[in-house]
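Take a look at the structure set out below.
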Amino acid sequence: MSILKLKRTVISEIQDNLKNYAYILVLFVLIVGCKKEMDSSQIITSNPTVLPFKKLNVAGDPIQLKFKDATNELAALIIENSLGTTVLKATKEENMFIFDVPKHITQKAGLCHWTLTENAQIKAKGSFNILPNPNNGTYIESYLGPRSITAVTSDFSMHVIAPTDAYDNPLSDGTKITSTYQFKDNISSNSITMKDLMGWKNIYAPQQAGRILVTATCNESNSKELTSIVYPGNAVDFTITYARNHDYADGNQTITFSSDIIKDVYGNVVSDGTLVNFVANNHKNIRLTANGTTLNGIAKARFIHPYEATEWKVKAYVTGAAQSKPISVSFIAAIKDYQITLTNDQRSISVENIQSFMDQIVPDGVPISMKLNDRQGEFVALLKETSRLGKAKFELSTEFYDAGEYSIETVVAGIVKKQDITLK
5 MSILKLKRTV ISEIQDNLKN YAYILVLFVL IVGCKKEMDS SQIITSNPTV LPFKKLNVAG
65 DPIQLKFKDA TNELAALIIE NSLGTTVLKA TKEENMFIFD VPKHITQKAG LCHWTLTENA
125 QIKAKGSFNI LPNPNNGTYI ESYLGPRSIT AVTSDFSMHV IAPTDAYDNP LSDGTKITST
185 YQFKDNISSN SITMKDLMGW KNIYAPQQAG RILVTATCNE SNSKELTSIV YPGNAVDFTI
245 TYARNHDYAD GNQTITFSSD IIKDVYGNVV SDGTLVNFVA NNHKNIRLTA NGTTLNGIAK
305 ARFIHPYEAT EWKVKAYVTG AAQSKPISVS FIAAIKDYQI TLTNDQRSIS VENIQSFMDQ
365 IVPDGVPISM KLNDRQGEFV ALLKETSRLG KAKFELSTEF YDAGEYSIET VVAGIVKKQD
425 ITLK
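In the working numbering, the protein residues as written are 5 to 428.
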């Protein structure tokens, strides 16, 4: 019985709570409805009209837009230009709204679009243009490149001029610019018409090496001085000569090859440091090379005299540009003869009395070779030594060379001697 009574009590409380929730819900709906009705009654609509304004302005001048019959304080003016979008609030005077365009917009040349909005509704729109203002001063940025060219008719440096006003706006197309350059005794000026933010002029290389100085002028403002260096062009063919103490092939003295003054096609002396390769071919078609760099147009290279009589064909090259006419250089033998001395077992072979053209001992280091063949003429070994105090020695040890009959062939400074030996 008590459980039934408890259930009835709980059900009664739930019903009372539901009634309270219903009252709260009805009250909330009434409040919201009244609020919406009140907000809609506060909305003020207007039809503002823009007053005449200057549509073509100069950078830096103040710009103001006025709208009459504008009463909604929520009105905003949206301005779009190349910098981005700006939203302005109005200053109210009676039934008129006034918008002062900020300096960061009025100082930027270009087209500006404006839109007047009220409560997210577009009420009016239009545009105005801002032109560069050269009256407050012109500033010139100028560039020149490349800064080094060669003295050929096809090479040039480009002079680029970008004049701006005091607010860094490029001046209008059609603005006149003067490009002036000086080379030696000549000063030349060229009139350039500005287009697409800049003006430019190609300054072609003269036929002489030197320096070109370049400057620019616009609206009585001047740029800084720029420099382009004109280097000589590619070398043209040249000649070479040689100088030496004597014509003996002693392998000791040097022979010096020199070019004449190497020039380009217009007679300019080539730049210092131009690499010249000298190539000598001997009677065995062995190629010798040396190189030199120019100083005042002349290049030199040195070769050591050969060890044997020969004739060289010598030619010089400036790689990819020029070459000399070939010349011939002859060397006569400095070493006339030498002696071969054998020990009793003929395993020690001495090459002696190697004397030069004045009967002096040859310089140390003369290459000496000896070829060893067996009695059937088959090659066995090739031994090499260099002279020391006018002689050299070859040792044929028993560990490597068996006893028997052999033949030797020695070569000193191109002089060949053959002899049969018997190793014991």
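The beta carbon of each residue, even a glycine, is placed where N, CA and C say it ideally should be. Predicted model only: the values in this text are computed from it and were never measured.
- Here Pro66 is exposed: its Cβ has fewer than 16 other Cβ atoms, across all protein chains shown, within 10 Å.
- For Thr110, the enclosing alpha helix (DSSP H) has its first and last residue at 107-110.
- Inter-residue distance for Gly64 and Ser275 is about 53 Å (C-alpha atoms, whole angstroms).
- Sequence-distant partners of Lys388 (beyond 5 residues in either direction) whose C-beta falls short of 6 Å from its own C-beta, in its chain, are Ser373.
- Non-local beta-carbon contacts of Ile358 in its own chain, meaning distances under 7 Å to residues more than five positions away in sequence, involve Ile339, Tyr342, Val366, Val370, Ser391, Gly394, Lys395, Val416 in chain order.
- With respect to the C-alpha of Thr221, the residue from Ile425, Ala239, Thr197 having the closest C-alpha is Thr197.
- Taking C-alpha positions only, Leu217 is separated from Phe242 by approximately 32 Å.
- Positions of the beta strand (DSSP E) runs, each at least 3 residues long and wholly inside the stretch 196-237, are given as 203-208, 214-222, 230-235 in order along the chain.
- Taken atom to atom, the span from the alpha-carbon of Glu315 to that of Pro330 is near 13 Å.
- Note on Ala124: under 16 other CB atoms within 10 angstroms of its CB, so exposed under the neighbour-count rule.
- When secondary structure is reduced to three states using DSSP, Asn173 falls in the coil class, being assigned neither helix nor strand.
- Scanning Gly296, Lys319, His250, Pro210 for the CA closest to the CA of Phe160 turns up Pro210.
- Inclusion of Ser86 and Lys59 in the CB contact set at 8 Å is not warranted, their separation being larger than that value.
- The beta carbon of Glu399 lies closer than 7 Å to those of Arg351, Ser352 in the same chain, with the five residues before and after it left out.
- Annotation: Gln364 to Glu356 spans about 13 Å, alpha carbon to alpha carbon.
- Look at Asn300 here: in three-state DSSP terms it is coil, with no helix or strand label.
- Here the C-alpha atom of Lys205 lies approximately 34 Å from the C-alpha atom of Phe132.
- Around the beta carbon of Pro150, fewer than 16 other beta carbons lie within 10 angstroms, which makes this residue exposed.
- For Arg248, the enclosing beta strand (DSSP E) stretches over residues 244-248.
- The way I'd put it, the stretch 164-178 doesn't touch the stretch 250-270; fewer than three beta-carbon pairs between them come closer than 8 Å.
- Between the C-alpha atoms of Ile290 and Thr219 there is a straight-line separation of about 57 Å.
- Residue range 383-390 is occupied by the beta strand (DSSP E) that includes Glu389.
- Selection Ile191, Ile302, Pro167 evaluated against Leu201 yields Pro167 as nearest (Cα-Cα).
- Looking at the DSSP output, Phe71 shares a beta bridge with Val54, Phe101.
- Checking the DSSP bridge columns, you'll see Arg306 partnered with Thr260.
- The three-state secondary structure of Asn133, taken from DSSP, is strand.
- The beta carbon of Thr293 lies closer than 8 Å to those of Asn281, Phe282, Val283, Ala284 in the same chain, with the five residues before and after it left out.
- When DSSP states are grouped into helix, strand and coil, Pro138 belongs to the helix group.
- In terms of CA proximity to Trp118, Val91 leads the group Asp406, Val91, Val164.
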